[in-house]
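The structure appears below as C-alpha cells.
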Amino acid sequence: MSAKPLGVGLLGLGTVGSAVARAFAERSRRIDAAAGRPVKLVAAAVRDPRK
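First residue of the sequence shown? That's 989 in my numbering, and the numbers climb one at a time after it.
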C-alpha cells in the first residue's frame, strides 16, 4: 500500500474509546485492507487526562 495514510482521532478514552484504540492496535492490517490505505490513530482527546 503506497497510498497516503488516513489519520483518525478519538474523542474520549473511556470504555468505548479504549476498546476502539485497542481494536486499531490489534487489527491494523485488517482495517488498512478494508480502507484501501493505511489507517493510523493519530490523536485522542480526553476530558480529564489524570483519569
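Beta carbons: idealized from backbone N, C-alpha and C, even for Gly.
Alpha-carbon spacing of residue i relative to residue j, whole angstroms
{"i": "ALA1021", "j": "PRO993", "result": "12 angstroms"}
{"i": "GLY1005", "j": "LEU998", "result": "7 angstroms"}
{"i": "ARG975", "j": "SER990", "result": "As shown, the chain starts at 989 and ends at 1039. That puts residue 975 outside it, with no answer to give."}
{"i": "ARG1018", "j": "ASP1036", "result": "31 angstroms"}
{"i": "GLY1024", "j": "VAL1008", "result": "19 angstroms"}
Beta-carbon spacing of residue i, residue j below 9 angstroms
{"i": "ALA1032", "j": "GLY995", "result": "no"}
{"i": "PHE1012", "j": "VAL1027", "result": "yes"}
Chain D contact for residue i (CB, 9 angstroms cutoff)
{"i": "SER990", "result": "Of the chains in the structure shown, none is chain D; there is only one protein chain."}
Where in the region 992-1019 do unbroken runs of the alpha helix (DSSP H), each at least 4 residues long, occur, reported from the N-terminal end onward? You should have 1003-1014.
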